[in-house]
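K.L.:
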Amino acid sequence: MKKVLIISKSKDLVKKHFYVIILFLITLIFFSGILSSSKTLSNIHYANDMTFQSENIRKYLHESGTIPLWTPYFYSGQPFIGVPEHYLFDLNFLYIFLFKNIFLAMNLAVISYFFLAGLGMYLLVYEIMRKQNAAFIAALIFMFNGLMQKFVIGGHLNILESYALIPFVFLFTYKSLYKKKWLNNSIIAAFFFSLMVYAGGIIFFLYTGLIIGVYMIWSLIGRNFKKRAVKVMLVSIVIITVLIGLSALKLLPILEFAKMSNRGAGVSYQEYLGYPIDLSGLWNHLINLSFSGGFSGAIGITSFILLLLGLLSFRKKIVLFSVLLIILSILLAAGTFVAKFFYTLPGFGQMRHIERVLIMFVFASPLIAAYGFNNLVNILRNYKKNIKEGLIFSVVLAILVIELVLLQKFPASLEIIEPNDIPIVNEISKDLSDFRTINIALSDLIGASGYNYMAQLDISSIKGGGGIWFNDYVGYLAIAQQTKSAKLWGLLNNKYVIAGEESGISGLKFIDKFEECEKCPIGEADGPYLYENTEFMPRAFYVDKGILVVGDKNNVGQIIYPVLLDENFNPRKAVIIQGKDSISSYNSEELKNYGAIIISAALISVEMGILENYVNNGGILLPDIFNNKNSINENDIKEMFERLDGNFEEIEILEYESNKAVYNIGSRKGFLVLSERFSNFPGWHASGKDKKEILRANGITTAVFSDNDEKITFKYMPQPFKKGVIISSITAIILIIYFSFNFIRKLAKR
Numbered sequence: 002m003k004k005v006l007i008i009s010k011s012k013d014l015v016k017k018h019f020y021v022i023i024l025f026l027i028t029l030i031f032f033s034g035i036l037s038s039s040k041t042l043s044n045i046h047y048a049n050d051m052t053f054q055s056e057n058i059r060k061y062l063h064e065s066g067t068i069p070l071w072t073p074y075f076y077s078g079q080p081f082i083g084v085p086e087h088y089l090f091d092l093n094f095l096y097i098f099l100f101k102n103i104f105l106a107m108n109l110a111v112i113s114y115f116f117l118a119g120l121g122m123y124l125l126v127y128e129i130m131r132k133q134n135a136a137f138i139a140a141l142i143f144m145f146n147g148l149m150q151k152f153v154i155g156g157h158l159n160i161l162e163s164y165a166l167i168p169f170v171f172l173f174t175y176k177s178l179y180k181k182k183w184l185n186n187s188i189i190a191a192f193f194f195s196l197m198v199y200a201g202g203i204i205f206f207l208y209t210g211l212i213i214g215v216y217m218i219w220s221l222i223g224r225n226f227k228k229r230a231v232k233v234m235l236v237s238i239v240i241i242t243v244l245i246g247l248s249a250l251k252l253l254p255i256l257e258f259a260k261m262s263n264r265g266a267g268v269s270y271q272e273y274l275g276y277p278i279d280l281s282g283l284w285n286h287l288i289n290l291s292f293s294g295g296f297s298g299a300i301g302i303t304s305f306i307l308l309l310l311g312l313l314s315f316r317k318k319i320v321l322f323s324v325l326l327i328i329l330s331i332l333l334a335a336g337t338f339v340a341k342f343f344y345t346l347p348g349f350g351q352m353r354h355i356e357r358v359l360i361m362f363v364f365a366s367p368l369i370a371a372y373g374f375n376n377l378v379n380i381l382r383n384y385k386k387n388i389k390e391g392l393i394f395s396v397v398l399a400i401l402v403i404e405l406v407l408l409q410k411f412p413a414s415l416e417i418i419e420p421n422d423i424p425i426v427n428e429i430s431k432d433l434s435d436f437r438t439i440n441i442a443l444s445d446l447i448g449a450s451g452y453n454y455m456a457q458l459d460i461s462s463i464k465g466g467g468g469i470w471f472n473d474y475v476g477y478l479a480i481a482q483q484t485k486s487a488k489l490w491g492l493l494n495n496k497y498v499i500a501g502e503e504s505g506i507s508g509l510k511f512i513d514k515f516e517e518c519e520k521c522p523i524g525e526a527d528g529p530y531l532y533e534n535t536e537f538m539p540r541a542f543y544v545d546k547g548i549l550v551v552g553d554k555n556n557v558g559q560i561i562y563p564v565l566l567d568e569n570f571n572p573r574k575a576v577i578i579q580g581k582d583s584i585s586s587y588n589s590e591e592l593k594n595y596g597a598i599i600i601s602a603a604l605i606s607v608e609m610g611i612l613e614n615y616v617n618n619g620g621i622l623l624p625d626i627f628n629n630k631n632s633i634n635e636n637d638i639k640e641m642f643e644r645l646d647g648n649f650e651e652i653e654i655l656e657y658e659s660n661k662a663v664y665n666i667g668s669r670k671g672f673l674v675l676s677e678r679f680s681n682f683p684g685w686h687a688s689g690k691d692k693k694e695i696l697r698a699n700g701i702t703t704a705v706f707s708d709n710d711e712k713i714t715f716k717y718m719p720q721p722f723k724k725g726v727i728i729s730s731i732t733a734i735i736l737i738i739y740f741s742f743n744f745i746r747k748l749a750k751r
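Residue numbers (the numbering used here): 2 to 751.
(1) Any idea what DSSP makes of residue 1, helix, strand or coil?
(2) Should residue 38 and residue 137 be called a contact, given that it needs their Cβ atoms to be closer than 8 Å?
(3) By the three-class DSSP mapping on this structure, what secondary structure does residue 651 have?
(4) On the premise that residue 333 lies in contact with residue 358, defined as a C-beta separation below 8 Å, what is that separation, rounded to the nearest angstrom?
(5) For residue 302, which of 293, 538, 211, 288 has the nearest alpha-carbon?
(6) Please determine if the region 44 to 60 and the region 148 to 164 are in contact, where contact requires at least 3 C-beta pairs separated by less than 8 Å.
(7) In terms of residues, what are the limits of the beta strand (DSSP E) holding residue 513?
(8) Assign residue 326 to one of three DSSP states: helix, strand, or coil.
(9) What's the C-alpha gap between residue 120 and residue 24?
(10) Looking at C-alpha atoms only, which residue of 314, 299, 735, 271 is the closest neighbour of residue 284?
(11) What residues are listed by DSSP as bridge partners for residue 440?
(12) Would you give the residue range spanned by the alpha helix (DSSP H) that residue 302 belongs to?
(13) Among residues of its own chain, excluding the 5 on either side of residue 416, which ones have a beta-carbon nearer than 8 Å to its beta-carbon?
(14) Does DSSP put residue 71 in a helix, a strand or coil?
(15) In the structure shown, what three-state DSSP assignment does residue 732 receive?
(16) Tell me whether the beta-carbon of residue 455 lies closer than 8 Å to the beta-carbon of residue 491.
(17) Sort out for me which residues DSSP pairs residue 113 with in a bridge.
(18) At a cut of 8 Å, does the region 430 to 446 reach the region 545 to 555 through at least three beta carbon pairs?
(19) Could you give the residue range of the alpha helix (DSSP H) that holds residue 98?
(20) In the DSSP assignment, find the unbroken beta strand (DSSP E) run with residue 708 in it and report its ends.
(21) Any idea which residues DSSP pairs residue 162 with across the strands?
(22) Return the first residue and the last residue of the beta strand (DSSP E) that residue 597 is part of.
(23) Assuming residue 489 and residue 565 are in contact, meaning their beta carbons sit under 8 Å apart, how far apart are those beta carbons, in whole angstroms?
(24) Taking residue 692 as the reference, which of 188, 712, 681, 438 has the closest Cα?
(25) When we look at the beta-carbon of residue 234 and count the other beta-carbons within 10 Å, is it buried (16 or more) or exposed?
(26) Can you name, in chain order, every residue of its own chain whose Cβ lies under 7 Å from the Cβ of residue 94, other than the five neighbours on each side?
(27) Which residues does DSSP pair with residue 579 in a beta bridge?
(28) Per DSSP, what are the beta-bridge partners of residue 539 in this structure?
(29) Between 114, 96, 113, which lies nearest to residue 106 when the distance is taken from Cα to Cα?
(30) Please say whether residue 430 and residue 365 have beta carbons closer to each other than 8 Å?
(31) Under 8 Å, with one C-beta from each stretch per pair, do the region 718 to 727 and the region 674 to 694 reach the 3-pair mark?
(32) Does the Cβ of residue 399 have 16 or more other Cβ atoms within 10 Å, making it buried, or fewer, making it exposed?
(33) Span of the alpha helix (DSSP H) holding residue 754?
(34) Between the region 581 to 600 and the region 613 to 625, are three or more C-beta pairs nearer than 8 Å?
(35) Using the beta-carbon count (16 or more within 10 Å), is residue 250 buried or exposed?
(36) So the candidates are 196, 531, 179, 273; which of them puts its Cα closest to the Cα of residue 228?
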């Protein structure tokens, strides 16, 4: 009897969720090429960026046991959590935690989110229409279209993640506006919205907000405007409040990071526009799946016919809203006056490639097409009353599957290339000391240069990738590249240089030419020429002489770089410190720590007295204003370095992990200099016997002044993250209490 009951329940379960099961099976077939831990998508973003991010997550989860606030593995170290595109809590994170294999995790995440994209659209359309066949067709269109094939799957995993979450955000926003449990649904909508932030899906985050915002305004149309307005206002307040509360842990570091980065002042209008679609070529951009001459949001001919049939239901508010959304997306993607207006709005002016707004077209089209299928059934039944909907559905489905799936390319896969399979990388990995590499085979300062392979071997790189960077650091790299300065690379702890051709750069010592890696998806990673940088500086070292450059930040930069590049500058003799705006910011005792001071600011009488006392005690001042000099020449620089013949020692690194580093400075008095970018970011704090001021050294690196401190500890704990943890924790606790109370109350009623 029990066996019969179990079988009966199983059949009911399968029948009830039949379409969901089919969506899952279609997903598995579509991604059959990566159902393995030895393969991944044949996609530079997965091979490079996602591998790099996932390896960072793996190290922090299974080696450090902390949240990845910082990464030492690219750009000579920079914040990790603050990068908008870097995921934190998502399915990839969960799979890495469970399986410890980044490639298996990435593959499972791709499959999961692709399936969720279809599931979300299916649930949304079913909620609106209560028709499974129409919902299934809408799901297929949302899963298989030009945007998915040519941009989403071909891009970062975080793009797929945010794409998959859009229907869920809209579904629960829709339910919050029209169902009794508006508060619960508003909270759930905000929860899915916050997952976009944690998934690194900022690209579609604003567009999702735009979709929701437009729909809320649209929902005001109708009777009882006042009642509708109150509902919209309450739902909006809850969604925004809970969204900010839940995502604060990631969102606040993102805002700080973006403000400091090249995106801080926004992007140019041309960057914002990217590659707008051509209004005269809408057939290719919106319908023709075989189009490869530009950005595509194509849904195919069959889907387009269903969309046209769906327009017959124009009296339905959701259909008319979807039409409005399509028109808006086209006007934006084409770079019209509408795009120009949106460029002035907060957030949009910091985004690139407005053509990506076609996500709104791809989202709205399945909604209309679902009604189109329903209208098709009604039209055919007017001609033949006995025709079964199942037959119509089967024919339409077959045509859709052929056009959207079978006639399109399945995602290509490639074998995983282990770092040690690349001869030049394997050779570098034999050196167990602390150092960084740079790949000049890739002439671009930003891009896939093999740092993903280095990170897996616990080796740091000077270059990095991604769409957001810091102008001061990239400027440093640009000067180093233009001047072919091995010294500037060496100051960043660079020991090995990978080149695509023989190099004549002074300071580089040829090691060998290695066999190239023909199967590597990142062509420049294999060199094949390897050089040792003879200007290499240790990761941590001590010098007792310092040069303080005082003045406006911009003026100081113009002074520091010529001094760094001067042939007489030896970083083992002295360190150059970027000082404050004025001499009056220092007292006499602080100035005694420096062997020389370079002034680039106007002086007041009080400062003249301080400097005169400094010079009388043996300090070097440039320009030598007390000998009637107002400028600095090459001979002055040369004489300064001749007098600053300081002591040098490499410093032992006691700890170097996650968000912390400890250095054994001992009883030395002088500067602890680190080939790190700690000084570039406000979240770093240093302490010895007392709190230490973190100084910017040698243009871009870090130093602190030590006086018998024994050990100096650096910790990274940015204020936005600390605030975010508090806000997100309080929000989560409140929500847990709220839902627990509701659950207990429901049980009590039973």
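Cβ atoms here follow ideal geometry from the backbone N, Cα and C, with glycine treated the same way.
P.N.:
So, from the data block:
(1) Only positions 2 to 751 of the chain appear in the structure, and residue 1 is not among them; the question remains open.
(2) One-based indexing of the sequence shown puts residue 38 at position 37. One-based indexing of the sequence shown puts residue 137 at position 136. Their beta carbons are not under 8 Å apart, which means residue 38 does not touch residue 137 by this criterion.
(3) On the sequence shown, position 650 is the one that residue 651 refers to. Here residue 651 sits in strand by DSSP.
(4) Start at 1 with the first residue of the sequence shown, and residue 358 comes out as number 357. Start at 1 with the first residue of the sequence shown, and residue 333 comes out as number 332. That belief holds up - the Cβ atoms of residue 358 and residue 333 are roughly 4 Å apart, short of 8 Å.
(5) Within the sequence shown, the letter at position 301 stands for residue 302. Checked all of 293, 538, 211, 288; the closest Cα to residue 302 is 288.
(6) yes
(7) Against the sequence shown, residue 513 aligns to sequence position 512. Residues 509 to 514.
(8) For the purposes of this step, residue 326 is taken as the residue at position 325 of the sequence shown. Residue 326 falls in the helix class under three-state DSSP.
(9) Here residue 120 refers to the residue found at position 119 of the sequence shown. Here residue 24 refers to the residue found at position 23 of the sequence shown. Cα-Cα distance, rounded: 7 Å.
(10) Here the question's residue 284 lines up with position 283 in the sequence shown. It is 299.
(11) Locating residue 440 in the sequence shown gives position 439, where the first residue counts as 1. In the DSSP output, where bridge partners are listed per residue, residue 440 has 499.
(12) The residue given as residue 302 occupies position 301 in the sequence shown. Looking at the DSSP string, the run of the alpha helix (DSSP H) that includes residue 302 is 302 to 311.
(13) Translated into the one-based positions of the sequence shown, residue 416 becomes position 415. Within the same chain, residue 416 has close Cβ partners 39, 40, 520.
(14) For the purposes of this step, residue 71 is identified with residue 70 of the sequence shown, where counting begins at 1. Here residue 71 sits in strand by DSSP.
(15) For this step, residue 732 is matched to residue 731 along the sequence shown. Three-state result, residue 732: helix.
(16) Here residue 455 refers to the residue found at position 454 when the sequence shown is read from its first residue. Here residue 491 refers to the residue found at position 490 when the sequence shown is read from its first residue. No; because the gap between Cβ atoms is not below 8 Å, this pair is not in contact.
(17) Indexing the sequence shown from 1 puts residue 113 at position 112. Per DSSP, none; premise fails for residue 113.
(18) no
(19) The residue labelled residue 98 in the question sits at position 97 within the sequence shown. First-last of the alpha helix (DSSP H) with residue 98: 92 to 100.
(20) In the sequence shown, counting from the first residue as 1, residue 708 sits at position 707. Note, residue 708: beta strand (DSSP E), 702 to 708.
(21) By one-based count along the sequence shown, residue 162 stands at place 161. Bridge partners of residue 162: none, in fact.
(22) Your numbering for residue 597 matches position 596 in the sequence shown. It spans 597 to 600 - the beta strand (DSSP E) in which residue 597 sits, taken as one unbroken run.
(23) Position 488 of the sequence shown holds residue 489. Position 564 of the sequence shown holds residue 565. So it is a contact: roughly 7 Å between Cβ atoms.
(24) Numbered from 1 along the sequence shown, position 691 holds the residue referred to as residue 692. Ranking the options by Cα distance to residue 692, first place goes to 712.
(25) As a first step, residue 234 is located in the sequence shown; it is residue number 233 there, counting from the start. Per the 10 Å Cβ criterion, exposed.
(26) One-based indexing of the sequence shown puts residue 94 at position 93. So the list reads 58, 88, once near-sequence residues are dropped.
(27) Here residue 579 corresponds to residue number 578 of the sequence shown, with the count starting at 1. DSSP output for residue 579 lists 550, 697 as bridge partner(s).
(28) Indexing the sequence shown from 1 puts residue 539 at position 538. None, per the DSSP bridge assignment.
(29) Along the sequence shown, read from residue 1 onward, the residue named residue 106 stands at position 105. It is 96.
(30) Locating residue 365 in the sequence shown gives position 364, where the first residue counts as 1. Locating residue 430 in the sequence shown gives position 429, where the first residue counts as 1. Cβ distance not < 8 Å, so residue 365 and residue 430 don't count as in contact.
(31) yes
(32) Counted from its first residue, the sequence shown places residue 399 at position 398. By the 10 Å Cβ count, residue 399 comes out exposed.
(33) Absent from the structure is residue 754, since the part of the chain shown begins at 2 and ends at 751.
(34) yes
(35) The residue labelled residue 250 in the question sits at position 249 within the sequence shown. The residue in question, residue 250, is buried, as its Cβ has 16 or more Cβ neighbours within 10 Å.
(36) Here the question's residue 228 lines up with position 227 in the sequence shown. Comparing Cα positions, the closest option is 179.
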